[in-house]
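Q: This note's numbering applies: residue 50 is where the sequence shown begins, and numbers increase by one. Ideal placement from N, C-alpha and C gives every residue a C-beta, glycine not left out.
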Amino acid sequence: MPQEIEEEKVQLAQQLLRLSTNVLKVAGIARPTSDVNPSMAEEALQDLKNRITTLEMEQEDLKFKNKIIKEKIRLSELMPQASPLNPRSEENRLTPPRVSLAPFLSSFDR
């Protein structure tokens with residue numbers, strides 16, 4: 050029975066080593082097997098978690114910026130066209146006027 054317990058410990062240690070090695074690979078850290086240990090893998094997992102959190106925050110920021118840009122475009126389409134009497138009004142526009150796709154799309158209707 051003690052020998053079975055020792056064999057199980059060895060198998061668990063090997064599994065832990067493989068798991069730690071795989072975690073480091075996913076994190077982009079290449080180490081010789083002799084240098085791999087569970088605390089390194091745990092640190093790498095924490096780094097991955099932090100990177101994921103950062104990327105999620107960046108994604109939310111980009112979604113928000115995209116909404117702002119779409120709203121600016123929508124508002125610029127609602128603004129009256131600049132008159133030649135007021136040249137500065139064109140400078141104050143946030144985005145250029147959008148080109149209508151109607152002539153382009155009507156050629157597909159035929």
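How is Asn115 classed by DSSP in three states: helix, strand or coil?
A: Note: Asn115 maps to helix in three-state DSSP.
Q: Can you give the Cα-Cα distance for Gly77 and Gln63, rounded to whole angstroms?
A: Whole-angstrom Cα-Cα distance: 21 Å.
Q: So is Thr82 buried or exposed if we call it buried at 16+ other beta carbons inside 10 Å?
A: Counting Cβ neighbours within 10 Å, Thr82 comes out exposed, since fewer than 16 surround it.
Q: Quick check: what's the CA-CA separation for Ala90 versus Lys121?
A: If you take the alpha carbons of Ala90 and Lys121, they lie about 46 Å apart.
Q: For the alpha helix (DSSP H) holding Thr82, just list the boundary residues, first then last.
A: Element bounds for Thr82: n/a, residue is neither H nor E.
Q: What first and last residue would you give for the alpha helix (DSSP H) that runs through Pro51?
A: Its alpha helix (DSSP H) spans residues Pro51 to Val75.
Q: Quick one: does the C-beta of Asp96 sit closer than 7 Å to a heavy atom of the ligand NAP?
A: Questions concerning the ligand NAP fall outside what the structure shown contains, since it holds no ligand whatsoever.
Q: Can you give the beta carbon distance from Val59 to Thr70, rounded, assuming they're within the 8 Å contact cut?
A: Contact flag wrong, Cβ pair sits at about 16 Å.
Q: Using DSSP with H/G/I as helix, E/B as strand and the rest coil, what is Met89?
A: It is helical.
Q: According to DSSP, is Met106 part of a helix, a strand, or is it coil?
A: DSSP places Met106 in helix when its eight states are reduced to three.
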